[in-house]
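Novice: First the structure, then my questions, so here it is.
Protein chains: 2
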Amino acid sequence: MNLNENYIKLIDEKLRGYTSGITQPLLREAMEYSLFAGGKRIRPLLLIAAADGKIEEALPFACALECIHTYSLIHDDLPALDNDDLRRGVLTSHKKFGEATAILAGDGLLNLAAEIMSGHCSDFLERRNVSAMKEIMLAAGVNGMISGQMDDIFNDFEQNEEAIISMYERKTGRLIIAAVVSGAILSARENVEEIRLAAKKLGEAFQIKDDILDVTSDAAVLGKNVKSDEKNGKNTYVAAFGLEAANERFLKLSEEAVDGFSRIYGEDAYLTKISKNMTNRRV
Amino acid sequence: MNLNENYIKLIDEKLRGYTSGITQPLLREAMEYSLFAGGKRIRPLLLIAAADGKIEEALPFACALECIHTYSLIHDDLPALDNDDLRRGVLTSHKKFGEATAILAGDGLLNLAAEIMSGHCSDFLERRNVSAMKEIMLAAGVNGMISGQMDDIFNDFEQNEEAIISMYERKTGRLIIAAVVSGAILSARENVEEIRLAAKKLGEAFQIKDDILDVTSDAAVLGKNVKSDEKNGKNTYVAAFGLEAANERFLKLSEEAVDGFSRIYGEDAYLTKISKNMTNRRV
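The structure is reproduced here in structure tokens:
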């Protein structure tokens, strides 16, 4: 069992511990359905990696982050938003449980993230814990992920590179940045702002790769409908500047990100390796 | 200007301070539309009252609570849930802005609550602050308000008094309890569990009154569609046990709640007065 698998097992056990306490059966079922639908656990793994593998300190925040990511997928898939039927190879929440349950399961996951973190901060009243929670809630928040999602739905950026990159950063980047930065905070790293910069590049590279895969991959491999961005007239880097320019920017950013982590954490550090894997992904 | 109006002014100013920093224009507009649609600010006022009027300490939590309450209304009103067109005399969020924006404005308000509280806890790292945040997030959470909302939508309790009361407590009661208890925590009150008990009675009385008003009031006074519970086949105390039994239970609980606060905070305390007003409301 490699390090990834070991951590994923711990993340899943901890998540299951949180959801097993939910007494409303349908709410619990819907929340667990999406939480355990085969997500790659990229954000929690990044958090643990950036926390130098200090698993006890990192795990509650890693789980909270995965709850937030999962809620955002459930709500994004809703008919009023992206209207997707498939996610990670299975039916989306509203297709499986209906819209009302999907909306509330999403709300439940966002709230659960705050419950986990505020509970942990209450159990261990330490500055680094509260700082990590603040970092994560701001990233998920009204000038973070939710703002990016609004722009993605309502704005047509066309060839405005700056606006697309800003939308990317808020919609996807901020949560990836928060994973790395809150991990760094939890393990009391000193050069947090330098770490943030590398994480920012990783986040953008990750989103560009996502758009590239949407164009070049097929549904069986990707586990969701492909060309959905094109179909939905989405603002993507690929749509605006073509596949070649997207690939170039992706390569540049992912190299810079990996170099950054390599410099700070070391070439063989788990964070450096996981970043390499992330940017090499084919699904 | 009486105490209520003065506090409401402070709450509104503080809320406006939080939302004015939202850079995505439509998100900000939709969040402010619902936040400033003439809500009675009952929960934040209760929190401030239970905090003995310690306004500086109470205000961030009071605002967070109002954000959570407002998000719950936006999502509850959605077509997939209660499908209401009117709220506080004006169009509901999805009628005004469309479903996608309503969903994200709701998400934004829930997240903003956690942003406000974790930011405040980070600025003032004190046990009482983190405890108040935890109390509020748990009340709003998967075994609190969201759980009650699920039960309200999917379960048919018919004549099961215990189940209806449990649903009431989670759906409405928990946030009212959290208002009072977190206020008490913030002002370092000692008898928190006794206060919680009185708040629990107040919360149930408040919800029964809501159901009674739904049957006996008219839309012009109430500012939302009346008989919507009946129309939606909702589980209400009134529907299950009739108006008379509901009135009796309401009177008993509201008296006990006011007595409880009177005993702990004093007869002339703001919390006692506000509880009296709450249970005497006609809208």
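As you go down the protein sequences, you meet chains A and B in turn. Heads up: the first sequence begins at 465 in my numbering, then just goes up one per residue. Heads up: the second sequence begins at 465 in my numbering, then just goes up one per residue. Where is the CB? At the ideal position from N, CA and C, for every residue including glycine.
1) Between the C-alpha atoms of B:Ser557 and B:Met581, what's the straight-line distance to the nearest angstrom?
2) Rounded to whole angstroms, what's the CA-CA distance from B:Glu590 to A:Leu589? Just pull it up for me.
3) My guess is that B:Ala544 and A:Ala569 are in contact by the Cβ rule of under 8 Å, so how many angstroms apart are they, rounded?
4) Can you tell me where the alpha helix (DSSP H) holding A:Gly481 begins and where it ends?
5) Chain A beta carbons: is any one of them nearer than 7 Å to that of B:Gln671?
6) For B:Thr487, does the count of other Cβ atoms within 10 angstroms reach 16, so buried, or fall short, so exposed?
7) Quick check: the region 650–658 of chain A against the region 701–709 of chain A, are there 3 or more CB pairs under 8 Å?
8) In the DSSP assignment, what are the bridge partners of A:Val748?
9) How would you call B:Glu731, buried or exposed, if buried means at least 16 neighbouring beta carbons within 10 angstroms?
10) Taking the straight line between their C-alpha atoms, what separation do you get for A:Tyr471 and B:Ile728?
11) Who are the near neighbours of B:Leu715 in its chain, counting only those whose CB is closer than 8 Å to its CB and skipping five residues on each side?
12) Taking only beta-carbon positions, decide if A:Lys598 is within less than 7 Å of chain B.
13) Measure the C-alpha to C-alpha separation of B:Leu602 and A:Glu579 and round it to an integer number of angstroms.
14) Are the region 596–615 of chain B and the region 474–484 of chain B touching, with three or more C-beta to C-beta distances below 8 Å?
15) Flag this pair as touching only if the region 716–727 of chain B and the region 659–667 of chain B have three or more C-beta atom pairs under 8 Å; answer yes or no.
16) Do B:Arg551 and B:Asp541 have their CB atoms nearer than 7 Å?
17) Is B:Phe500 buried or exposed, if buried means 16 or more other CB atoms sit within 10 Å of its CB?
18) Please state if the CB of B:Leu650 and the CB of B:Glu530 are separated by a distance shorter than 7 Å.
19) Whose C-beta lies closer than 6 Å to the C-beta of B:Lys559 among residues of the same chain, with five residues either side of it excluded?
20) Measure the beta-carbon distance from B:Glu668 to B:Ile629 and round it to whole angstroms, keeping in mind my assumption that it falls under 8 Å.
21) Spatial neighbours of B:Tyr535 within its chain, please: CB distance less than 7 Å, with the 5 preceding and 5 following residues excluded, ordered by chain position.
22) Would you mind working out which of A:Leu555, A:Val645, A:Tyr701 and A:Asn547 sits nearest A:Ala513, comparing C-alpha positions?
23) Reducing DSSP to helix, strand and coil, say where A:Pro543 ends up.
24) Does chain E have any CB closer than 7 Å to the CB of B:Ile610?
25) What do you reckon, are the CB atoms on B:Arg638 and B:Ile672 nearer than 7 Å?
26) Here's the rule: buried if 16 or more other CB atoms are within 10 angstroms of the residue's CB, otherwise exposed. What is B:Asn744?
27) Please confirm whether B:Met465 has its beta-carbon closer than 7 Å to some beta-carbon of chain A.
28) Can you pull the chain A neighbours of B:Thr460, defined as C-beta to C-beta under 8 Å?
29) Can you pull the chain B residues whose beta carbon is under 8 Å from the beta carbon of A:Asn575, in chain order?
30) At the level of alpha carbons, what is the spacing between A:Pro508 and B:Leu509?
31) For a contact meaning CB atoms closer than 7 Å, what does B:Phe618 contact in chain A?
32) Restricting to Cα atoms, I'd like to know which of A:Met614, A:Ile567 and A:Gly647 is closest to A:Ser752.
33) Inspect the beta-carbon positions of A:Ser498 and A:Ile538 and report whether they are closer than 7 Å.
34) Measure from the C-beta of B:Asp546 to each C-beta in chain A and report whether the shortest distance is under 7 Å.
35) In three-state DSSP terms, what is A:Val645?
36) List the residues of chain B whose Cβ lies closer than 7 Å to the Cβ of A:Arg591, in chain order.
Specialist: Put simply:
1) Sequence index remark: in the second sequence, residue 557 of chain B carries index 93 (1-based). Sequence index remark: in the second sequence, residue 581 of chain B carries index 117 (1-based). Distance between the alpha carbons of B:Ser557 and B:Met581: 25 Å.
2) Mapped onto the second sequence, residue 590 of chain B falls at position 126. Mapped onto the first sequence, residue 589 of chain A falls at position 125. The alpha-carbon of B:Glu590 is positioned some 8 Å away from that of A:Leu589.
3) Working through the second sequence from its first residue, we reach residue 544 of chain B at position 80. Working through the first sequence from its first residue, we reach residue 569 of chain A at position 105. Going by Cβ atoms, the distance from B:Ala544 to A:Ala569 rounds to 12 Å, so no, they are not a contact pair.
4) Residue numbering aside, residue 481 of chain A sits at position 17 when the first sequence is read from its first letter. Unbroken alpha helix (DSSP H) run through A:Gly481: Leu467 to Thr483.
5) Here residue 671 of chain B refers to the residue found at position 207 of the second sequence. Chain A, which has no Cβ nearer than 7 Å to the Cβ of B:Gln671, makes this no.
6) Walking along the second sequence from the start, residue 487 of chain B turns up at place 23. With fewer than 16 other Cβ atoms within 10 Å, it is exposed.
7) Put simply, the region 650–658 of chain A does not touch the region 701–709 of chain A. Fewer than three CB pairs are less than 8 Å apart.
8) For chain A, the structure presents residues 465 to 747; residue 748 of chain A sits outside this window and is missing.
9) Looking up residue 731 of chain B in the second sequence gives position 267. Counting Cβ neighbours within 10 Å, B:Glu731 comes out exposed, since fewer than 16 surround it.
10) Locating residue 471 of chain A in the first sequence gives position 7, where the first residue counts as 1. Locating residue 728 of chain B in the second sequence gives position 264, where the first residue counts as 1. Computed Cα separation, rounded: 50 Å.
11) Within the second sequence, the letter at position 251 stands for residue 715 of chain B. Cβ neighbours of B:Leu715 beyond the five flanking positions: none.
12) As a first step, residue 598 of chain A must be located in the first sequence, where it is residue number 134. Chain B, which has a Cβ nearer than 7 Å to the Cβ of A:Lys598, makes this yes.
13) Counting from 1 along the second sequence, the entry for residue 602 of chain B is found at position 138. Counting from 1 along the first sequence, the entry for residue 579 of chain A is found at position 115. Going by the C-alpha atoms only, they are around 6 Å apart.
14) Output reads no: the region 474–484 of chain B does not touch the region 596–615 of chain B.
15) Contact annotation: the region 716–727 of chain B touches the region 659–667 of chain B, with at least three C-beta pairs closer than 8 Å.
16) Taking the second sequence and counting its residues from 1, one reaches residue 551 of chain B at position 87. Taking the second sequence and counting its residues from 1, one reaches residue 541 of chain B at position 77. Taking 7 Å as the Cβ cut-off, B:Arg551 and B:Asp541 qualify as a contacting pair.
17) Working through the second sequence from its first residue, we reach residue 500 of chain B at position 36. In this structure B:Phe500 is exposed. Its beta-carbon is surrounded by fewer than 16 other beta-carbon atoms within 10 angstroms.
18) The sequence position of residue 530 of chain B within the second sequence is 66, counting from 1. The sequence position of residue 650 of chain B within the second sequence is 186, counting from 1. In this structure, B:Leu650 does not lie closer than 7 Å to B:Glu530 by Cβ.
19) On the second sequence, residue 559 of chain B is found 95 positions in, with the first residue counted as 1. Once the five neighbours on either side are set aside, the close Cβ partners of B:Lys559 are Asp549.
20) Position 204 of the second sequence, counting from 1, holds the residue named residue 668 of chain B. Position 165 of the second sequence, counting from 1, holds the residue named residue 629 of chain B. The pair is a contact, with the Cβ atoms about 7 Å apart (cut-off 8 Å).
21) Along the second sequence, one-based indexing puts residue 535 of chain B at 71. Around B:Tyr535: Gly570, Leu573 and Leu574.
22) As a working mapping, residue 513 of chain A is identified with position 49 in the first sequence. The residue with the shortest Cα to Cα distance from A:Ala513 is A:Val645.
23) Position 79 of the first sequence, counted from the first residue, corresponds to residue 543 of chain A. DSSP places A:Pro543 in coil when its eight states are reduced to three.
24) No chain E appears in this structure, whose protein chains are A and B.
25) Against the second sequence, residue 638 of chain B aligns to sequence position 174. Against the second sequence, residue 672 of chain B aligns to sequence position 208. No, Cβ-Cβ distance for B:Arg638 and B:Ile672 is not below 7 Å.
26) Within the second sequence, numbered from 1, the residue matching residue 744 of chain B stands at position 280. The residue in question, B:Asn744, is exposed, as its Cβ has fewer than 16 Cβ neighbours within 10 Å.
27) Residue 465 of chain B sits at position 1 when you count from the first residue of the second sequence. Unreliable placement is indicated for B:Met465, whose pLDDT of 48 sits below 50; the coordinate value is still reported in the next sentence. Any Cβ of chain A closer than 7 Å to the Cβ of B:Met465 would place that residue at the interface, and such an atom is absent.
28) This structure cannot speak to residue 460 of chain B, because chain B is shown only from 465 to 747.
29) Against the first sequence, residue 575 of chain A aligns to sequence position 111. Identification of chain B residues near A:Asn575 by a Cβ-Cβ cut-off of 8 Å yields Leu574, Met601, Ala604, Gly605, Val606 and Ile610, ordered along the chain.
30) Here residue 508 of chain A refers to the residue found at position 44 when the first sequence is read from its first residue. Here residue 509 of chain B refers to the residue found at position 45 when the second sequence is read from its first residue. Their backbone Cα atoms lie some 38 Å apart in a straight line.
31) By 1-based counting over the second sequence, the position of residue 618 of chain B is 154. The contacting residues are Leu490.
32) Within the shown structure, residues of chain A are numbered from 465 to 747, placing residue 752 of chain A beyond reach of any answer.
33) For the purposes of this step, residue 498 of chain A is identified with residue 34 of the first sequence, where counting begins at 1. For the purposes of this step, residue 538 of chain A is identified with residue 74 of the first sequence, where counting begins at 1. In this structure, A:Ile538 lies closer than 7 Å to A:Ser498 by Cβ.
34) As a working mapping, residue 546 of chain B is identified with position 82 in the second sequence. It does not; no Cβ of chain A falls within 7 Å.
35) For the purposes of this step, residue 645 of chain A is taken as residue 181 along the first sequence, with counting starting at 1. In this structure, A:Val645 counts as helix in the three-state DSSP scheme.
36) The residue you call residue 591 of chain A lines up with position 127 of the first sequence. Leu589, listed in chain order.
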